[in-house]
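Note that the numbering used here has the sequence shown beginning at 1, numbered continuously upward.
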Amino acid sequence: MTGQSKRSAGGAPVGRRTMLGMLAAGAAGLVGAPYLQSGWERFLASSSQVDPTGLTGLLPNPGGFRYFSIVSSVPRKDATNYELRIDGLVDRPRTYTLADLREMPQTRVVADVVCTDGWRVDDTPFSGVKLSDLLDAAGVRSRGTAVHFTCFDGAYTESLTLEQARRADMLVALDMQDKPITHAHGGPARLYAAPMYFYKSAKWLSGISVTSKVKPGYWEERGYDIDGWLDEADGRAT
């Protein structure tokens, strides 16, 4: 009949106003998505800090990363109060500020972040100071065969052999995804062990101590592999 909308083969016709509305909503979603994602990540990060069960780590996160802390509260550090102490079996112990670390040569490593919980984020860039540069500056003594890491949450620890620590893809990372590492992600500085599962990349790094033998870290004391190589990593120095 004249003036009556035709039906398409798929059902009722979509009016022009409806179609324009759908397109506008889609465009708004694309514009707003980064803000929504950022807000959701902030919620997950803050919730994880007061969740001793770790259940917030099971919530979906389109950004890929999960948030988990082994303590209920972690002090916040920034350029005004952050310090990284290098000591142990070294000739020249030193404490670095965040500015000191930023002034050193920076190395960028792009690799997949893989967690033992099953999630991964592919092709993630981390930038910072090569761990080997800090060890060379400190002057490792002949009895030094391992490196022990402590964190300002007061609980997290990690360890590497000296050979592992001298790999070119082991960093004291200051940037992740080309932005300063946030508190939730272990900033302002964290260990980044690219060829290993992410539990080896200790958050909130505060101390690096050269030792005569490997001391199992927090997760290794709870049954995790002390080396933590990714399946695709061959364990050879790069």
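C-beta atoms are modelled at their ideal positions from N, C-alpha and C, and glycine is treated no differently.
Buried versus exposed, by CB contacts within 10 Å (16 or more), residue i
i, result
"Lys213", "exposed"
"Pro188", "buried"
"Lys203", "buried"
"Pro195", "buried"
"Asp153", "buried"
"Val110", "exposed"
"Thr80", "exposed"
"Ala99", "exposed"
"Asp231", "exposed"
"Glu220", "buried"
"Asp136", "exposed"
"Arg124", "The residue you asked about is not Arg; residue 124 is Thr in the sequence shown. Counting Cβ neighbours within 10 Å, Thr124 comes out buried, since at least 16 surround it."
"Ser5", "Below a pLDDT of 50, predicted positions are generally treated as unreliable, and Ser5, at 39, falls in that range; no measurement from the model is reported."
"Arg222", "exposed"
C-alpha distance - residue i paired with residue j, whole-angstrom precision
i, j, result
"Phe149", "Glu83", "13 Å"
"Pro75", "Asp117", "26 Å"
"Arg120", "Asp112", "7 Å"
"Ala184", "Asp178", "16 Å"
"Lys200", "Tyr218", "10 Å"
"Gln164", "Ser206", "19 Å"
"Gly186", "Val210", "22 Å"
"Pro105", "Val172", "12 Å"
"Phe126", "Thr107", "8 Å"
"Arg102", "Lys77", "15 Å"
"Thr97", "Asp122", "31 Å"
"Ser72", "Thr157", "16 Å"
"Ser142", "Gly88", "12 Å"
"Met176", "Trp229", "21 Å"
"Leu174", "Thr95", "16 Å"
"Val14", "Cys151", "Residue placement at Val14 cannot be trusted, given a pLDDT of 43 that sits under 50; what the coordinates show is reported in the next sentence. Using only the alpha carbons, I get a separation of about 58 Å."
According to DSSP, residues forming a beta bridge with residue i
i, result
"Gly88", "Val210"
"Val113", "Val121"
"Lys130", "Leu171"
"Arg108", "Ser127"
"Val140", "Val90"
"Tyr96", "Leu84"
Integer Cβ distance of residue i from residue j, believed to fall under 8 Å
i, j, result
"Gly144", "Leu131", "Contact doesn't hold; Cβ gap of about 13 Å is too wide."
"Gly128", "Val90", "Not quite, the Cβ-Cβ distance comes to about 20 Å (not below 8 Å), so this is no contact."
"Arg167", "Ile181", "So it is not a contact: roughly 20 Å between Cβ atoms."
"Met170", "Ala146", "Not confirmed; about 13 Å, so no contact."
"Tyr197", "Val114", "6 Å"
"Ala155", "Ile86", "In fact, because the Cβ distance is near 21 Å, the residues do not count as touching under 8 Å."
"Ile208", "Leu134", "7 Å"
"Pro216", "Ser159", "7 Å"
> If you scan the region 145–221 from start to end, which runs of the alpha helix (DSSP H) of 4 or more residues do you find wholly inside it?
Replying inline: 162–165
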